[in-house]
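Single-structure report; data block below.
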Amino acid sequence: MVLIKFILSLYLVAIAVAYLIAFLLGMLGRFIKLFNIQELHPNSIPGTPAGQVMPPATADYTEIAVAIAIAKRESSTK
Amino acid sequence: MSLFEVFPDVFQGITTLLHSEPKVAITRIFLIILGFTMMYLGRKGVLEAMVMVPMGLGMATVNAAVMYFDPLGIHPSGMSTLFLEAQVGAGVEPLQAAADTVQILGIDWLQPVFTLTFSNNLIACLVFMGVGSLLDIGYVLARPLICMTIAIFAELGTLVVFPLAVYFFNFQPQEAAAIAIVGGADGPMVLFTALVLAPPLFVPISVVAYLYLGLAYGGYPYLIKIMIPKRLRAIKMPPPAKPPTAYNSMEKMIVAAVLCIVLSLLLPIAAPLIFSLFLGISIRESGVKPLQDLVSGPVLYTATLFLGLTLGILCDVNTILDPRVLPLLLLGLLSLLISGIGGILGGLFICWITGGKVNPVVGIAGVSCVPTTAKVAQKVVSEDNPSSIVLPLALGCCICGVITTAIISGIFCSLLKADSSFLVTLQQALGNIQ
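Here the protein sequences come in this chain order: S and A.
Using the numbering used here, you'd call the opening residue of the first sequence number 4 and step up by one each time.
Using the numbering used here, you'd call the opening residue of the second sequence number 318 and step up by one each time.
This is the structure:
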């Protein structure tokens with residue numbers, strides 16, 4: 004009986020925590036939409052191959068610096 | 318000296334087979350055949366190939382490659398292999414244990430994998446990280462209550478087997494908890510719980526758990542067909558009245574981070590596993606492709622390969638003939654079976670309260686075993702109604718199954734770990750009754 008009581012109370016606690024998580028998920032799902040968080044699509048640095056974070060080490064960095072400067076100037080004049 | 322006389326020394330695999338007790342020799346041959354069958358069934362798609370192929374080959378080979386070799390003097394028969402020594406250091410003083418471990422690390426080729434990644438749960442965490450990188454938390458966010466309800470039903474095996482193991486098989490509460498958690502059908506979680514609560518049973522419990530998790534892929538379809546009539550299995554779930562909210566990866570990552578923090582706050586003892594799972598999910602949603610590729614590819618597959626391989630190697634004759642293994646085999650099977658039944662009952666319950674809008678077969682996915690049970694659910698449904706798609710909801714249930722197992726494992730580990738005052742009270746209460 005001790006063990007049955009123990010496992011039943013353990014199960015009840017687990018159910019309570021599980022529903023707390025489910026409730027949290029439901030609330031977070033709604034709440035997060037209020038912030039209107041946009042997907043970040045950072046403009047990749049010119050010269051970066053698709054799917055990579057940085058241009059390769061062998062890239063011509065003078066050319067890249069010029070391209071960035073042009074891109075900045077274009078975005079500020081818009 | 319003729320060549321014939323040195324044959325026994327050269328072909329020691331055969332010599333040891335002939336010199337063993339009949340029980341040992343027959344078990345070795347049986348395990349070689351079993352390993353071969355597991356590989357075959359894995360390749361055929363009846364069992365989960367990713368674990369079964371390396372595990373089967375490991376099991377078959379380790380039982381063939383026995384030789385007269387016992388550098389630590391821990392095998393009465395003097396027979397061992399060059400693969401690994403799971404019992405190294407058991408029952409000797411700490412300094413000797415350390416010396417033995419260092420010695421065997423330089424001899425057995427899989428010993429570094431076992432000693433440095435199994436006993437500290439690293440391999441379980443790596444597998445969980447990889448699994449996390451395959452999970453889309455958006456499936457849970459779409460229907461959190463339904464998924465969680467099914468997952469709670471699917472923990473029935475853990476609930477039922479725990480008292481059975483104590484009352485009928487005389488296991489200590491912490492050992493019973495480690496066995497019962499097999500019903501949660503989460504390999505890494507079983508490794509973790511067994512290691513925290515019952516280190517001496519860690520090897521047999523892990524072997525039993527992974528054997529059955531591989532079998533779940535082949536066995537659960539029959540359970541579904543027995544419990545759910547064809548009419549219900551063919552239910553085509555209608556699209557929701559209003560289209561489900563779409564979440565971008567930034568939002569999913571924030572949700573994953575919040576969940577990870579809340580669960581770690583509630584259950585610090587299971588935090589390494591919880592963190593690994595949510596790290597995988599966060600990496601998936603982070604947008605850093607090289608990291609995504611690393612975790613969902615090389616990390617996951619390398620960890621799974623070595624996990625399967627090491628578990629196969631652990632299935633040697635000494636482990637299998639351990640008298641504690643038979644009750645473990647029985648209780649592990651019972652635990653997974655009852656969890657499957659519980660999950661299906663959960664599916665039927667949800668089907669009933671939604672007025673038949675949810676296909677009850679998704680209930681099996683609550684058992685967890687990501688993503689096997691979700692694939693099983695879709696496979697069974699497709700046989701009866703090829704136009705019915707249940708995979709998204711099934712994956713949601715699978716993810717919730719991982720969360721509920723983590724919760725139960727965390728509670729078990731917190732209450733029943735060796736130095737817990739609750740364990741002493743429970744043992745005293747049990748002692749008074751017995």
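Backbone N, C-alpha and C fix where the C-beta goes; we use that ideal spot for every residue, glycine too.
Taking 8 Å as the threshold, find out whether the stretch 588-608 of chain A comes into contact with the stretch 407-423 of chain A through three or more Cβ pairs.
no
Using beta-carbon positions only, say whether A:Ala-495 and A:Thr-510 come within less than 9 Å of one another.
Residue mapping note: residue 495 of chain A aligns to position 178 of the second sequence, counting from 1. Residue mapping note: residue 510 of chain A aligns to position 193 of the second sequence, counting from 1. Their beta carbons are under 9 Å apart, which means A:Ala-495 touches A:Thr-510 by this criterion.
Which of helix, strand or coil DSSP assigns to A:Tyr-761:
Outside the displayed range of chain A (318 to 751) lies residue 761 of chain A, so it cannot be described from this structure.
So, is the C-beta of S:Leu-37 closer than 9 Å to a C-beta in chain A?
Position 34 of the first sequence, counting from 1, holds the residue named residue 37 of chain S. With 9 Å as the cut-off, S:Leu-37 does not count as an interface residue toward chain A.
What are the start and end residues of the alpha helix (DSSP H) that includes A:Met-567?
As a working note, residue 567 of chain A is residue 250 in the second sequence. Looking at the DSSP string, the run of the alpha helix (DSSP H) that includes A:Met-567 is 566-583.
I'd like the span of the alpha helix (DSSP H) that includes A:Lys-734, first residue to last.
By 1-based counting over the second sequence, the position of residue 734 of chain A is 417. First-last for A:Lys-734: undefined, no H or E at that position.
Label S:Ala-68 either buried or exposed according to how many other C-beta atoms from any shown protein chain fall within 10 Å of its C-beta, with 16 as the threshold for buried.
Taking the first residue of the first sequence as 1, we reach residue 68 of chain S at position 65. So S:Ala-68 counts as exposed.
Anything in chain S within Cβ reach of A:Ala-746, meaning under 8 Å, just list it in chain order.
Position 429 of the second sequence, counted from the start, is the residue given in the question as residue 746 of chain A. Neighbours of A:Ala-746 on chain S, chain order: Val-5.
Rank A:Ile-681, A:Gly-672, A:Gly-657, A:Ile-670 by C-alpha distance to the C-alpha of A:Val-477 and give the top, closest one.
For this step, residue 477 of chain A is matched to residue 160 along the second sequence. Comparing Cα positions, the closest option is A:Gly-657.
Can you list the residues of chain A that S:Leu-31 reaches, using a CB-CB cut of under 7 Å?
If you number the first sequence from 1, residue 31 of chain S lands on position 28. Within 7 Å Cβ-Cβ: Val-572, Val-575.
Based on Cα-Cα distance, which residue from A:Val-368, A:Ile-346, A:Leu-389 lies nearest to A:Thr-378?
The residue you call residue 378 of chain A lines up with position 61 of the second sequence. When only C-alpha atoms are compared, the closest one is A:Ile-346.
Between A:Pro-371 and A:Leu-622, how many whole angstroms is the CB-CB distance? I'm expecting something under 8 Å.
As a first step, residue 371 of chain A must be located in the second sequence, where it is residue number 54. As a first step, residue 622 of chain A must be located in the second sequence, where it is residue number 305. Going by Cβ atoms, the distance from A:Pro-371 to A:Leu-622 rounds to 6 Å, so yes, they are a contact pair.
For a test of the three-state rule: what should DSSP assign to A:Ser-436, helix, strand or coil?
If you number the second sequence from 1, residue 436 of chain A lands on position 119. DSSP places A:Ser-436 in coil when its eight states are reduced to three.
Examine the Cβ distances between the stretch 631-642 of chain A and the stretch 450-468 of chain A and report whether three or more of them are shorter than 8 Å.
no
Could you please give the first and the last residue of the uninterrupted alpha helix (DSSP H) stretch that includes A:His-336?
As a working note, residue 336 of chain A is residue 19 in the second sequence. Residues 329-336.
What residues of chain A sit near S:Ile-18, judged by a beta carbon separation below 8 Å?
For the purposes of this step, residue 18 of chain S is identified with residue 15 of the first sequence, where counting begins at 1. In chain order: Ile-469.
Could you pull out every residue in the same chain whose Cβ sits closer than 6 Å to the Cβ of A:Leu-626, ignoring the five residues on either side in sequence?
Locating residue 626 of chain A in the second sequence gives position 309, where the first residue counts as 1. Excluding sequence neighbours, A:Leu-626 sits near Pro-371, Gly-375.
CB-CB under 6 Å to A:Met-465, same chain, minus the five flanking residues each way: which ones, in chain order?
Within the second sequence, numbered from 1, the residue matching residue 465 of chain A stands at position 148. Closer than 6 Å at the Cβ level, and outside the excluded window around A:Met-465, lie Cys-717.
Looking at C-beta atoms only, is the number of pairs between the stretch 500-508 of chain A and the stretch 679-693 of chain A that lie closer than 8 Å three or more?
yes
Under the three-state reduction of DSSP, which class applies to A:Met-396: helix, strand or coil?
Start at 1 with the first residue of the second sequence, and residue 396 of chain A comes out as number 79. Reduced to three states, the DSSP call for A:Met-396 is strand.
Counting C-beta neighbours from all protein chains within 10 Å, is the total for S:Glu-77 16 or more, i.e. buried, or is it exposed?
For the purposes of this step, residue 77 of chain S is identified with residue 74 of the first sequence, where counting begins at 1. Classification for S:Glu-77: exposed.
Pairing CB atoms from the stretch 523-538 of chain A with CB atoms from the stretch 555-562 of chain A, are three or more of them under 8 Å?
no
Nearest chain S C-beta to A:Leu-580 closer than 9 Å, yes or no?
The residue given as residue 580 of chain A occupies position 263 in the second sequence. A:Leu-580 counts as touching chain S.
What does the alpha-carbon distance come out to for the pair A:Trp-669 and A:Leu-462?
As a first step, residue 669 of chain A must be located in the second sequence, where it is residue number 352. As a first step, residue 462 of chain A must be located in the second sequence, where it is residue number 145. Approximately 15 Å, taken between the alpha carbons.
Applying a beta-carbon distance threshold of less than 7 Å, which residues of chain A neighbour S:Leu-15?
By 1-based counting over the first sequence, the position of residue 15 of chain S is 12. The premise fails here: S:Leu-15 is roughly 11 Å from chain A at the closest Cβ pair, so nothing lies under 7 Å.
Which residue wins for smallest C-alpha separation from A:Ile-522, given the options A:Met-544, A:Ile-498, A:Pro-538?
Numbered from 1 along the second sequence, position 205 holds the residue referred to as residue 522 of chain A. With distances taken between Cα atoms, A:Ile-522 lies closest to A:Ile-498.
Could you have a look at A:Thr-475 and say whether DSSP puts it in helix, strand or coil?
The residue given as residue 475 of chain A occupies position 158 in the second sequence. In this structure, A:Thr-475 counts as helix in the three-state DSSP scheme.
Assuming A:Ile-467 and A:Gly-664 are in contact, meaning their beta carbons sit under 8 Å apart, how far apart are those beta carbons, in whole angstroms?
To locate residue 467 of chain A, count along the second sequence from 1; it is residue 150. To locate residue 664 of chain A, count along the second sequence from 1; it is residue 347. Between A:Gly-664 and A:Ile-467 the Cβ distance is about 6 Å, and since that is below 8 Å, they are a contact.
I want to see whether chain S comes within less than 9 Å of A:Ile-440, judged by CB atoms only; does it?
Reading the second sequence from its first residue, position 123 is the one you call residue 440 of chain A. False, the Cβ-Cβ gap to chain S never drops below 9 Å.
Cβ separation of A:Cys-577 and A:Ile-591, assumed to be a contact under 8 Å, to the nearest whole Å
Within the second sequence, residue 577 of chain A is the residue found at index 260, counting from 1. Within the second sequence, residue 591 of chain A is the residue found at index 274, counting from 1. Right, their Cβ atoms sit about 6 Å apart.
Taking 9 Å as the threshold (beta carbon to beta carbon), is A:Ile-496 in contact with chain S?
Position 179 of the second sequence, counting from 1, holds the residue named residue 496 of chain A. It does not: the Cβ of A:Ile-496 has no partner Cβ on chain S nearer than 9 Å.
Give every residue of the same chain whose Cβ lies closer than 8 Å to the Cβ of A:Pro-555, excluding the five residues on either side of it in the sequence, and list them in chain order.
The count along the second sequence starts at 1 and reaches residue 555 of chain A at position 238. The answer, listed in chain order, is Lys-674.
May I have the straight-line CA-CA distance separating A:Leu-508 from A:Asp-425, to the nearest angstrom?
As a working note, residue 508 of chain A is residue 191 in the second sequence. As a working note, residue 425 of chain A is residue 108 in the second sequence. Roughly 22 Å separates the two Cα atoms.
Starting from A:Asn-635 and walking both ways along the alpha helix (DSSP H), at which residues does that stretch end?
Translated into positions along the second sequence, residue 635 of chain A becomes position 318. Element bounds for A:Asn-635: 634-637.
If you measure between the beta carbons of A:Ser-394 and A:Val-327, is that distance less than 9 Å?
Position 77 of the second sequence, counted from the first residue, corresponds to residue 394 of chain A. Position 10 of the second sequence, counted from the first residue, corresponds to residue 327 of chain A. No, the pair does not count as a contact, with Cβ atoms beyond the cut-off.
Using CA coordinates, which residue listed in A:Leu-638, A:Tyr-529, A:Leu-617, A:Cys-730 is at the minimum distance from A:Leu-648?
Residue mapping note: residue 648 of chain A aligns to position 331 of the second sequence, counting from 1. Out of A:Leu-638, A:Tyr-529, A:Leu-617, A:Cys-730, A:Tyr-529 has the C-alpha closest to the C-alpha of A:Leu-648.
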